[in-house]
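Student:
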Amino acid sequence: MTTLQKKDILRIALYAGEIMLKNGAETYRVEDTIDRICKSKNLKHVSSFVTPTGIFISDDRFDGISFIKRIKSRTINLSKISQVNDFSREFVNSNLSIEQALLLLKKIDKSPKYPKVIRILSAGFASGFFALLFGSSFLDFLAAFIISMIAVFASSKIEKVSQTSFLANASGGAIIATLTIFFQLLGFGNSIDMIIVGSIMPLLPGVALTNGLRDFISGDLISGVSRVFEAVFISISIAVGVGSILNIWINVFGGNI
741 MTTLQKKDIL RIALYAGEIM LKNGAETYRV EDTIDRICKS KNLKHVSSFV
791 TPTGIFISDD RFDGISFIKR IKSRTINLSK ISQVNDFSRE FVNSNLSIEQ
841 ALLLLKKIDK SPKYPKVIRI LSAGFASGFF ALLFGSSFLD FLAAFIISMI
891 AVFASSKIEK VSQTSFLANA SGGAIIATLT IFFQLLGFGN SIDMIIVGSI
941 MPLLPGVALT NGLRDFISGD LISGVSRVFE AVFISISIAV GVGSILNIWI
991 NVFGGNI
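In this text, residue positions in the sequence shown follow the working numbering: the first is 741, and each later residue adds one.
#1: Write down the C-beta distance between ILE916 and ILE898 rounded to the nearest angstrom, noting that I regard them as a contact closer than 8 Å.
#2: If you check the beta carbons only, do SER905 and SER977 fall under 9 Å apart?
#3: So, for LEU879: in the same chain, excluding its five sequence neighbours on each side, which residues have a beta-carbon less than 7 Å away from its beta-carbon?
#4: Using the Cβ count rule (16 or more neighbours within 10 Å means buried), how would you classify PHE923?
#5: Along the beta strand (DSSP E) that carries ASP799, what are the first and last residues, could you check?
#6: Buried or exposed, going by whether 16 or more other CB atoms sit within 10 Å of the CB of SER911?
#7: Is the stretch 759-775 close to the stretch 935-943, with three or more CB pairs under 8 Å?
#8: For SER905, write down the residues that DSSP places opposite it in a beta bridge.
#9: Taking the alpha carbon of ILE821 as the reference point, which residue from PHE807, GLY757, THR793, ALA883 has its own alpha carbon closest?
#10: Should PHE881 and PHE893 be called a contact, given that it needs their Cβ atoms to be closer than 9 Å?
#11: Whose CA, out of ILE805, GLY794, THR793, LEU861, lies closest to the CA of VAL786?
#12: Could you name each continuous alpha helix (DSSP H) segment of 4 residues or more that falls completely within the stretch 865-948, going from the start of the chain to the end?
#13: For the beta strand (DSSP E) containing PHE993, name the first residue and the last one.
#14: Which runs of the alpha helix (DSSP H) spanning at least 4 residues fall entirely within the stretch 807-871, listed in chain order?
#15: Since ILE777 and VAL832 should fall inside the 8 Å C-beta cutoff, what is the C-beta to C-beta distance between them, to a whole number of angstroms?
#16: Inspect the beta-carbon positions of ILE811 and THR793 and report whether they are closer than 9 Å.
In structure tokens:
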């Protein structure tokens with residue numbers, strides 16, 4: 741095997757790992773996929789080290805080839821993770837060429853998300869039913885349904901502009917609290933608490949927290965700490981947004997909760 745062929749295989753493994761990590765995969769799963777792809781092509785001495793913000797791959801037996809990939813943005817798209825898992829199995833168990841493998845990975849990477857209307861409606865229904873689960877009334881269900889859709893839409897727009905999750909989540913929490921108070925003043929809803937609790941559910945970092953705990957269990961301590969802290973940071977930003985508006989409402993305008 742030539743050095744060029746080895747580099748091509750490492751690039752394929754790196755690209756597959758990049759897609760998985762950008763879309764919310766656990767670090768141990770990314771490392772396992774990279775190792776599986778490399779070993780299937782007789783690169784048995786490849787070491788990979790993955791953190792939530794970077795991928796490092798090195799072949800220390802042959803030519804000392806190393807690759808580093810910085811991951812600047814992350815989201816949650818379990819569909820793409822599943823597709824890369826399927827790709828890695830196909831790559832290992834078939835005779836896919838490097839060109840074919842690269843085309844498949846590019847297709848997965850560029851595959852569109854679910855339509856925005858579906859994502860926003862899903863967030864609305866999830867919030868509404870969470871409010872019901874916590875004991876709210878039907879009016880609270882409707883309020884949480886509408887408010888969460890507005891908040892998720894606005895939060896996604898703000899995140900694209902600011903490139904910071906703290907500002908986007910804090911703004912989302914502030915929008916939820918503001919609209920909840922507005923709906924309450926109109927008599928549309930019975931419990932501010934239930935509406936807010938239901939509405940913030942789509943913003944909460946459940947997957948990030950779960951992945952962090954799974955990384956801890958798998959022994960990836962750096963990734964585990966990073967993901968758990970990220971989840972806590974997001975939760976704090978949401979609480980800051982909600983708490984700031986409620987504090988202004990109570991202390992400045994003399995409102996009641």
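Where is the CB? At the ideal position from N, CA and C, for every residue including glycine.
Tutor: On the basis of the data shown:
#1: Taking the first residue of the sequence shown as position 1, residue 916 is located at position 176. Taking the first residue of the sequence shown as position 1, residue 898 is located at position 158. That pair is no contact at about 13 Å.
#2: As a working mapping, residue 905 is identified with position 165 in the sequence shown. As a working mapping, residue 977 is identified with position 237 in the sequence shown. Yes, Cβ-Cβ distance for SER905 and SER977 is below 9 Å.
#3: One-based indexing of the sequence shown puts residue 879 at position 139. Closer than 7 Å at the Cβ level, and outside the excluded window around LEU879, lie PHE928, GLY929, ASN930.
#4: Indexing the sequence shown from 1 puts residue 923 at position 183. By the neighbour-count rule (16 or more Cβ atoms within 10 Å), PHE923 is buried.
#5: As a working mapping, residue 799 is identified with position 59 in the sequence shown. It spans 794-799 - the beta strand (DSSP E) in which ASP799 sits, taken as one unbroken run.
#6: The residue you call residue 911 lines up with position 171 of the sequence shown. It is buried - the Cβ of SER911 has at least 16 other Cβ atoms within 10 Å.
#7: no
#8: Position 165 of the sequence shown, counting from 1, holds the residue named residue 905. According to DSSP, SER905 bridges with nothing at all.
#9: For this step, residue 821 is matched to residue 81 along the sequence shown. When each option's Cα is compared against that of ILE821, the closest is GLY757.
#10: As a working note, residue 881 is residue 141 in the sequence shown. As a working note, residue 893 is residue 153 in the sequence shown. Result no, Cβ atoms of PHE881 and PHE893 do not sit closer than 9 Å.
#11: By 1-based counting over the sequence shown, the position of residue 786 is 46. Per the Cα distances, ILE805.
#12: 878-902, 905-925, 932-939
#13: Counted from its first residue, the sequence shown places residue 993 at position 253. Note, PHE993: premise wrong, no beta strand (DSSP E); not H, not E.
#14: 818-833, 838-850
#15: Against the sequence shown, residue 777 aligns to sequence position 37. Against the sequence shown, residue 832 aligns to sequence position 92. Right, the Cβ-Cβ distance comes to about 7 Å (below 8 Å), so this counts as a contact.
#16: Here residue 811 refers to the residue found at position 71 when the sequence shown is read from its first residue. Here residue 793 refers to the residue found at position 53 when the sequence shown is read from its first residue. Yes, the pair counts as a contact, with Cβ atoms nearer than the cut-off.
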